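> Attaching a single structure in structure tokens format; questions to follow.
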Amino acid sequence: MSAGRWVLHLDMDAFFASAEQLTRPTLAGRPVLVGGLGPRSVVAGASYESRVFGVRSAMPMGQARRRCPHAVTVPPRFVLYQALSEQVMGVLAEAAPVLEPVSVDEAYLEPPALVGAGPDVVERFAVDLRTAVRAATGLPASVGAGSGKQLAKIASELAKPDGYRVVTPEEQAEVLAPLPVRALSGVGPVAETGLHRLGIRTVGALAAMDLRELTGLLGTAVGTELHRLARGVDERPVAPRGAAKQVSAETTFDADLTAMRAVHEAVARITESAHRRLVASGRAARTVTVKVRSADFTTHTRSETAAVGSTDLGALTATAQKLARTAVPEGGVRLIGVSLAGLGDDPPPALFEPPRAVPETVEDAAPEETPVEADRPWRPGDDVRHDEHGHGWVQGAGHGRVTVRFETRSTGPGRARTFPAADPALTRTDPLGSLA
Numbered sequence: 001m002s003a004g005r006w007v008l009h010l011d012m013d014a015f016f017a018s019a020e021q022l023t024r025p026t027l028a029g030r031p032v033l034v035g036g037l038g039p040r041s042v043v044a045g046a047s048y049e050s051r052v053f054g055v056r057s058a059m060p061m062g063q064a065r066r067r068c069p070h071a072v073t074v075p076p077r078f079v080l081y082q083a084l085s086e087q088v089m090g091v092l093a094e095a096a097p098v099l100e101p102v103s104v105d106e107a108y109l110e111p112p113a114l115v116g117a118g119p120d121v122v123e124r125f126a127v128d129l130r131t132a133v134r135a136a137t138g139l140p141a142s143v144g145a146g147s148g149k150q151l152a153k154i155a156s157e158l159a160k161p162d163g164y165r166v167v168t169p170e171e172q173a174e175v176l177a178p179l180p181v182r183a184l185s186g187v188g189p190v191a192e193t194g195l196h197r198l199g200i201r202t203v204g205a206l207a208a209m210d211l212r213e214l215t216g217l218l219g220t221a222v223g224t225e226l227h228r229l230a231r232g233v234d235e236r237p238v239a240p241r242g243a244a245k246q247v248s249a250e251t252t253f254d255a256d257l258t259a260m261r262a263v264h265e266a267v268a269r270i271t272e273s274a275h276r277r278l279v280a281s282g283r284a285a286r287t288v289t290v291k292v293r294s295a296d297f298t299t300h301t302r303s304e305t306a307a308v309g310s311t312d313l314g315a316l317t318a319t320a321q322k323l324a325r326t327a328v329p330e331g332g333v334r335l336i337g338v339s340l341a342g343l344g345d346d347p348p349p350a351l352f353e354p355p356r357a358v359p360e361t362v363e364d365a366a367p368e369e370t371p372v373e374a375d376r377p378w379r380p381g382d383d384v385r386h387d388e389h390g391h392g393w394v395q396g397a398g399h400g401r402v403t404v405r406f407e408t409r410s411t412g413p414g415r416a417r418t419f420p421a422a423d424p425a426l427t428r429t430d431p432l433g434s435l436a
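The following block contains the structure:
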């Protein structure tokens, strides 16, 4: 470990839910769940007001709503989260020349200005960093600092919510010792089970193990690394991550799709989602892969690679739909995924050769599915704009009516108004408008 090394880990607090509370002020201070409402949906994000009821991310949405029935549930708006993430990363990039994003809402940094600094200087840096992030985004963040990435991440967890924690070299053993072994990076379910069989449940107990016994259980490389991390020795560098090798999106359906037209429509929506990430990356894709999972959980994949890359949504969608025709098995379709790979910069003008239009005939005896939009154009959580009242979001819809709450980040809680569902003054709009 380098003398005087300080690594910081910044983690946005309940990022998805906090973004919703920021841009929809009526939700501030209320339990919020981000995710779908279908029987197979899971929680993508949960506000701290809902977490006190035992709700957590990745929990089945039905279970979460039973635990917190008064929570407001909204669909995820990833374009909004990405925009806020870019603002956060911009602040961090100004604070340190080398930044290692881990996901849209967390990153490591190792500021050269902190080399050899005392804990009081590091604390002031952490406070200023959190202040800068809130000034740029309006969102809370927690910051942890320690002698390496492992301790910095643990410190940020101890700082939550909306705080900071600096773990000095003198206190790191005391901080690490009582933590469960799962807190260490690299300890997954299998390793955890093996350690529990030996009676090793805490980081302190793991640090006290004989290294030969640990490597005999987990292998030389993993065992040696975990033994070092448990003792606070972490020399892993903070470094920018390599560019992603692919972008992808997938959907698990509330009810199995049994009509080919419904499959084609789903593939188009999923490809569009992956395409947004492709465009945001500034690259083009040569390979399209479609994954289809049947009702009995059997997975089928099909791929096609072109000679040159493409950013053309129509061509990519047509290729994905063609592949889906050959991938769909007998019976229903539970999940569809589309990935775009073979990514390259500066796409040339040549594109995928679009295949023939896919026929919309049903290839089995099941009745054709009707898109949701046909009989219910408005869904709770939709971003909308009204000619007179401005930007808002749908709170409820049905029976030919739609109720919209008109508010953005800057307005404070707004008024709710109800309109005929077919009101021509009401249109869908970009979620980024809620950041105004």
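Position 197, counted from 1, in the sequence shown is what full-length UniProt numbering calls 197; the numbers after and before it change by one each time, with no gaps.
All C-beta atoms, glycine included, are put in the ideal place defined by N, C-alpha and C.
Fair warning: this is a prediction, and the values are worked out from it, not measured in the lab.
1. Determine, using beta carbons only, whether D234 and K149 come nearer to each other than 7 Å.
2. For H300, which residues does DSSP report across the bridge?
3. Measuring only the C-alpha atoms, how far is L10 from R325?
4. Classify A126: buried if its beta carbon has 16 or more other beta carbons within 10 angstroms, exposed otherwise.
5. What residues match up with Q246 in a beta bridge as DSSP calls it?
6. In or out: K245 buried (at least 16 other Cβ within 10 Å) or exposed?
7. First and last residue of the beta strand (DSSP E) that includes S142?
8. Please state the DSSP three-state secondary structure of L435.
9. Using only CA atoms, which one of T301, W378, R231, R334 lies nearest to K322?
10. Counting only the same chain and skipping the five closest in sequence on each side, list residues whose C-beta sits under 7 Å from that of Y81.
11. Inspect the CB distances between the segment 175-192 and the segment 21-39 and report whether three or more fall short of 8 Å.
12. I need the boundaries of the alpha helix (DSSP H) containing R401, first residue and last residue.
13. As a quick exercise: from F406, T418, R428, T429, pick the residue whose alpha carbon is nearest that of R24.
14. Can you tell me which of P119, L343, P420 puts its alpha carbon nearest to the alpha carbon of D166?
15. For a minimum of 3 consecutive residues, which ranges assigned as the beta strand (DSSP E) are wholly contained in the segment 141-187?
16. Closest by CA to A230, which one among V72, D210, T418?
17. In whole angstroms, what separates the C-alpha of G45 from that of A221?
18. Take the Cβ of S41 as the centre, count every other Cβ of all protein chains shown within 10 Å, and call the residue buried at 16 or more, exposed below.
19. May I have the straight-line CA-CA distance separating S156 from D162, to the nearest angstrom?
20. Which same chain residues, not among the five before or five after G331, have their C-beta less than 8 Å away from its C-beta?
21. Quick check on this structure: which residue in T317, A107, A117 has the alpha carbon closest to the alpha carbon of V338?
22. Measure the C-alpha to C-alpha separation of A207 and A274 and round it to an integer number of angstroms.
23. Within the same chain, show all residues whose beta-carbon is closer than 6 Å to that of H227, passing over the 5 residues directly before and after it, in chain order.
24. Kindly give me the distance between the Cβ atoms of P413 and T26, rounded to whole angstroms, as I take these residues to be in contact under 8 Å.
25. Determine, using beta carbons only, whether V292 and E304 come nearer to each other than 7 Å.
26. Are the beta-carbon atoms of R409 and L92 separated by less than 7 Å?
27. For T251 and S50, what's the separation of their Cα atoms in angstroms?
28. I'd like to check one pair, G392 with V384: are the Cβ atoms closer than 7 Å?
29. Please report the distance separating the alpha-carbon of L195 from that of V181.
30. What's the C-alpha gap between A152 and V308?
31. Just to confirm, are L8 and L109 a CB contact at a threshold of 7 Å?
32. So for M59, helix, strand or coil by DSSP?
33. Alpha carbon to alpha carbon, what distance is there between P237 and A96?
34. From A136 to G219, what distance separates their C-alpha atoms?
35. Within 10 Å of its beta-carbon, does G144 have 16 or more other beta-carbons around it, so buried, or fewer, so exposed?
36. Using 7 Å as the threshold, is the C-beta distance between G35 and M61 below it?
This is what the structure holds:
1. As a position in the sequence shown, residue 234 is number 234, starting the count at 1. As a position in the sequence shown, residue 149 is number 149, starting the count at 1. Going by C-beta atoms, D234 is nearer than 7 Å to K149.
2. Here residue 300 corresponds to residue number 300 of the sequence shown, with the count starting at 1. Partner(s): V292.
3. As a working note, residue 10 is residue 10 in the sequence shown. As a working note, residue 325 is residue 325 in the sequence shown. When rounded, the distance between both Cα atoms is 45 Å.
4. By 1-based counting over the sequence shown, the position of residue 126 is 126. Its Cβ being crowded by 16 or more others within 10 Å, A126 is buried.
5. Residue 246 sits at position 246 when you count from the first residue of the sequence shown. Looking at the DSSP assignment, Q246 forms a beta bridge with A341.
6. Here the question's residue 245 lines up with position 245 in the sequence shown. The residue is exposed, with fewer than 16 neighbouring Cβ atoms inside 10 Å.
7. In the sequence shown, the residue the question calls residue 142 occupies position 142. Per DSSP, S142 belongs to the beta strand (DSSP E) from 141-146.
8. Position 435 of the sequence shown, counted from the first residue, corresponds to residue 435. L435 falls in the helix class under three-state DSSP.
9. Position 322 of the sequence shown holds residue 322. Measuring from the Cα of K322, the nearest candidate turns out to be T301.
10. As a position in the sequence shown, residue 81 is number 81, starting the count at 1. Once the five neighbours on either side are set aside, the close Cβ partners of Y81 are F15, F16, A19, V104.
11. no
12. To locate residue 401, count along the sequence shown from 1; it is residue 401. Per DSSP, R401 belongs to no alpha helix (DSSP H); it is in the beta strand (DSSP E), 401-405.
13. Residue mapping note: residue 24 aligns to position 24 of the sequence shown, counting from 1. Restricting attention to F406, T418, R428, T429, the CA atom closest to the CA of R24 is found in F406.
14. Counting from 1 along the sequence shown, the entry for residue 166 is found at position 166. Note that residue 166 is Val in the sequence shown, not Asp. Minimum Cα distance to V166 is reached at P119.
15. Every beta strand (DSSP E) stretch that sits fully inside the segment 141-187 and reaches 3 residues is listed by chain position as 141-146, 164-166.
16. As a working note, residue 230 is residue 230 in the sequence shown. Minimum Cα distance to A230 is reached at D210.
17. Position 45 of the sequence shown, counted from the first residue, corresponds to residue 45. Position 221 of the sequence shown, counted from the first residue, corresponds to residue 221. G45 and A221: Cα-Cα distance of roughly 35 Å.
18. Taking the sequence shown and counting its residues from 1, the one referred to as residue 41 is at position 41. Classification for S41: buried.
19. Locating residue 156 in the sequence shown gives position 156, where the first residue counts as 1. Locating residue 162 in the sequence shown gives position 162, where the first residue counts as 1. Taking the straight line from one Cα to the other gives about 9 Å.
20. One-based indexing of the sequence shown puts residue 331 at position 331. Hits under 8 Å: D256, T258, S294, A295, D296.
21. Within the sequence shown, numbered from 1, the residue matching residue 338 stands at position 338. With distances taken between Cα atoms, V338 lies closest to T317.
22. Stepping through the sequence shown from its first residue, residue 207 is reached at position 207. Stepping through the sequence shown from its first residue, residue 274 is reached at position 274. Between the C-alpha atoms of A207 and A274 there is a straight-line separation of about 43 Å.
23. Counting from 1 along the sequence shown, the entry for residue 227 is found at position 227. Cβ neighbours of H227 beyond the five flanking positions: L211, L214.
24. Walking along the sequence shown from the start, residue 413 turns up at place 413. Walking along the sequence shown from the start, residue 26 turns up at place 26. With a Cβ gap of about 5 Å, P413 and T26 count as contacting.
25. Counting from one through the sequence shown, the residue named residue 292 turns up at place 292. Counting from one through the sequence shown, the residue named residue 304 turns up at place 304. Contact: no.
26. By 1-based counting over the sequence shown, the position of residue 409 is 409. By 1-based counting over the sequence shown, the position of residue 92 is 92. No, these two residues do not count as a Cβ contact at 7 Å.
27. As a first step, residue 251 must be located in the sequence shown, where it is residue number 251. As a first step, residue 50 must be located in the sequence shown, where it is residue number 50. Approximately 25 Å, taken between the alpha carbons.
28. Along the sequence shown, read from residue 1 onward, the residue named residue 384 stands at position 384. Along the sequence shown, read from residue 1 onward, the residue named residue 392 stands at position 392. Cβ distance < 7 Å, so V384 and G392 count as in contact.
29. Position 195 of the sequence shown, counted from the start, is the residue given in the question as residue 195. Position 181 of the sequence shown, counted from the start, is the residue given in the question as residue 181. The alpha-carbon atoms of L195 and V181 are separated by roughly 8 Å.
30. Taking the first residue of the sequence shown as 1, we reach residue 152 at position 152. Taking the first residue of the sequence shown as 1, we reach residue 308 at position 308. Each residue's Cα considered, the two are about 43 Å apart.
31. For this step, residue 8 is matched to residue 8 along the sequence shown. For this step, residue 109 is matched to residue 109 along the sequence shown. Cβ atoms of L8 and L109: closer than 7 Å.
32. In the sequence shown, counting from the first residue as 1, residue 59 sits at position 59. Correct three-state label for M59: coil.
33. In the sequence shown, counting from the first residue as 1, residue 96 sits at position 96. In the sequence shown, counting from the first residue as 1, residue 237 sits at position 237. Distance between A96 and P237, taken at the CA atoms: about 14 Å.
34. Position 136 of the sequence shown, counting from 1, holds the residue named residue 136. Position 219 of the sequence shown, counting from 1, holds the residue named residue 219. Going by the C-alpha atoms only, they are around 45 Å apart.
35. Here residue 144 is taken as the residue at index 144 of the sequence shown, counted from 1. Buried, because 16 or more other Cβ atoms sit within 10 Å of the Cβ of G144.
36. On the sequence shown, position 35 is the one that residue 35 refers to. On the sequence shown, position 61 is the one that residue 61 refers to. Yes, Cβ-Cβ distance for G35 and M61 is below 7 Å.
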